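Presented below is the structure to which this report refers.
Number of protein chains: 4
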Amino acid sequence: MSDGAALPNPTDLRGWMRQDFPVLRPQPTRWHDNDAYGHVNNVVYYAYFDTAVNGYLIEACGTDIRELPAIGIVAETGCRYLRQVAFPEHLDVGLAVARLGRSSVTYRLAVMPAGDDAPAAVGRFVHVYVDRLTRRPVAMPEVIRAALEPLAACAGGRD
Amino acid sequence: MSDGAALPNPTDLRGWMRQDFPVLRPQPTRWHDNDAYGHVNNVVYYAYFDTAVNGYLIEACGTDIRELPAIGIVAETGCRYLRQVAFPEHLDVGLAVARLGRSSVTYRLAVMPAGDDAPAAVGRFVHVYVDRLTRRPVAMPEVIRAALEPLAACAGGRD
Amino acid sequence: MSDGAALPNPTDLRGWMRQDFPVLRPQPTRWHDNDAYGHVNNVVYYAYFDTAVNGYLIEACGTDIRELPAIGIVAETGCRYLRQVAFPEHLDVGLAVARLGRSSVTYRLAVMPAGDDAPAAVGRFVHVYVDRLTRRPVAMPEVIRAALEPLAACAGGRD
Amino acid sequence: MSDGAALPNPTDLRGWMRQDFPVLRPQPTRWHDNDAYGHVNNVVYYAYFDTAVNGYLIEACGTDIRELPAIGIVAETGCRYLRQVAFPEHLDVGLAVARLGRSSVTYRLAVMPAGDDAPAAVGRFVHVYVDRLTRRPVAMPEVIRAALEPLAACAGGRD
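Chains as they are written, first to last, in the numbering used here: chain A, 26 to 184; chain B, 26 to 184; chain C, 26 to 184; chain D, 26 to 184.
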């Protein structure tokens, strides 16, 4: 039986800074992003990731991606929390593409306070494209691929 | 620069089933756990994890863990989504301890529909204990360690 | 121009207790229901209301109400907060029908800690039924009306 | 026993438009603000209200209001939903003060799509100030009152 705990960390983006992300999405915080400890709750970072990915795709594709024949279903996510942030801080979410496959895409993400070049958290987000009705894996729509290829080229050249 | 995307997955719990988790926490869904695709949004699974870990600790410790001199801050989380679930399903969250350190603990988690032995999602959740006021790492409180040792022994024996 | 602030309060349910609600729905709290003040955030009570109404309807109708030709769209909500509650408390949501119209229904709601007869909060929730596709008001489905009539009779007799 | 359902509606702001609100706060939507019906869930509007009120106070007071000797606890909220909005729309939240008391304040609020003068939803939000430790009602801090008086004068003149 596998012991995941011993394996290297797929959200390890040490050394990645603001300028390494080809897309930056502004992300204001909300009052109740904070939890009882007075900082943004660990769960909420994934709402930032989700919003950055889908917001970018909708804008870059110029279409409502939810109505395409194939939709992106989340297969895996991860986050490492490096420094705490809190409402009312304004944040930016950095977005890059680590791997662009036929029916899936792996994003690298980072959350940075506005005006700060170093991530407060780094993440990973995998979309698998499925038929909107049957929910079976299919090739990603061409309009999605066209929106992602510039980001993949950018990230790929850096590894 | 590291390329996390190529590394093995630390939330890989293939083969883990309901009976492998020493603690099970019931987790009803809410209407708005579902997103526009009609299933529980990827973000919400982390709310299930967060609630299972802290709910277990509060009950097992018999004290308000938020008032202890040291509190658990989330350092890392991850989730793999295997099958979709949706409101109004009732879920159970399985909880195990993969690694128990001096000031940190790594949990393994799974989300299962009630009555189903196979996980719909598996996760990983790392707490680092810090001084409640200075937020600097310290040894975890003894009452926390006592609550976790039975779970660690259980999981440790299985690897 | 109307000054709503001077008007009586439509969520005034003074005197309503646990036994006045014909339906009670258990509602566990989650860790991040609490906000920076350490109690359940005002927003979250509406998630309890939303879940109680839709959860009751799905169970009582024995069907997926989201797939009916007409769906309930929320036209108005309100809440008065009487005492604070906090995770990890277990809550119950009381549900009654104050008014049952041709295409709309007004619910009365209360949030009570398990084992407590007095509400910690009272609410109001109005559903208007609309055609699922055109989103124009229509008569509510018969299966919905049948589920609500027993609750309306109950509340109506008490005014 | 009161029948709230028959009473006039305290969130009735018919005729109120964008220009009637002395404060406007930008509010981007998030992917999971949408629910299974593909529009912003009724609960989420209250997160917009909560964020607008507290965000305004923090900026206008120039201090962390959560650390003042008295904090604002929410006593009552309400919302009427006039037209649906959805991610990825950008919204603005209008903020006015309907009544400024010794220890409480009643806000009027509206949610408007950016570029639209007519509210998609109107709301009401009552803060009661309590001692931060004992949670008993006290006079609101002077720094809060100073931030609210300009808004009260503005709204008061319009009734």
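We put the CB at the ideal spot given by N, CA and C, even for glycine. From a predicted model like this one, the values you see are computed outputs, not experimental measurements.
Alpha carbon of residue i to alpha carbon of residue j, nearest angstrom
| i | j | result |
| --- | --- | --- |
| B/G80 | B/A145 | 21 Å |
| B/R149 | D/Y132 | 42 Å |
| A/A143 | A/H115 | 14 Å |
| C/Q109 | C/V69 | 12 Å |
| B/G63 | D/R161 | 43 Å |
| D/S129 | C/A111 | 23 Å |
| A/D58 | B/C86 | 27 Å |
| B/W56 | B/L158 | 37 Å |
| C/I83 | D/V65 | 21 Å |
| A/E174 | A/A61 | 41 Å |
| D/L38 | B/R170 | 55 Å |
| A/G40 | A/N67 | 22 Å |
| B/R183 | D/L107 | Residue placement at B/R183 is poorly supported in this model, since its pLDDT is 40, which falls under 50; the coordinates still yield a value, given next. For B/R183 and D/L107, the distance between alpha carbons rounds to 57 Å. |
| D/P33 | C/M137 | For D/P33, the pLDDT reaches just 40, beneath the cut-off of 50, and the residue's location in the model is therefore unreliable, although a value from the coordinates is still provided. Answer to the nearest angstrom: the Cα atoms are 26 Å apart. |
Nearest-angstrom beta carbon gap, residue j and residue i [assumed within contact, 8 Å]
| i | j | result |
| --- | --- | --- |
| A/V155 | A/V163 | 6 Å |
| B/P47 | B/A135 | No, B/P47 and B/A135 are not in contact; Cβ-Cβ is about 12 Å, not under 8 Å. |
| C/A172 | C/V118 | No, C/A172 and C/V118 are not in contact; Cβ-Cβ is about 16 Å, not under 8 Å. |
Contacting residues, own chain, Cβ-Cβ under 6 Å from residue i (five flanking each side not counted)
| i | result |
| --- | --- |
| A/R124 | T131 |
| C/P166 | L93, A95 |
| A/L49 | D117, G119 |
| C/A100 | V151, V153 |
Own chain, CB closer than 7 Å to residue i, minus 5 neighbours either side, in chain order
| i | result |
| --- | --- |
| A/P113 | T54 |
| D/M42 | D142, A143 |
Nearest candidate by alpha-carbon position, reference residue i, set the options
| i | options | result |
| --- | --- | --- |
| D/A177 | D/F74, D/R127, D/C104, D/T159 | D/R127 |
| D/P51 | D/A139, D/G87, D/M165, D/A72 | D/A139 |
| D/I98 | D/C104, D/R105, D/I90 | D/I90 |
Cut-off 8 Å between Cβ atoms - residues of its own chain near residue i, not counting five sequence neighbours on either side
| i | result |
| --- | --- |
| C/A30 | Note that C/A30 scores 38 on pLDDT, short of 50, meaning its location in the model is unreliable and no value can be drawn from it. |
| B/T102 | Y71, F74, G148, R149, F150, V151 |
| A/Q44 | D142 |
| B/T88 | V168 |
Worksheet item: Taking the runs of the beta strand (DSSP E) that are 3 residues or longer, which of them lie wholly in the region 86 to 157 of chain D?
Response: 95 to 106, 115 to 125, 129 to 138, 146 to 156
Practice prompt. Select from the region 57 to 86 of chain A all residues with a C-beta closer than 7 Å to any C-beta belonging to chain E, and list them in chain order.
Written response: The chain labelled as chain E is not found among the protein chains of the depicted structure, namely A, B, C and D.
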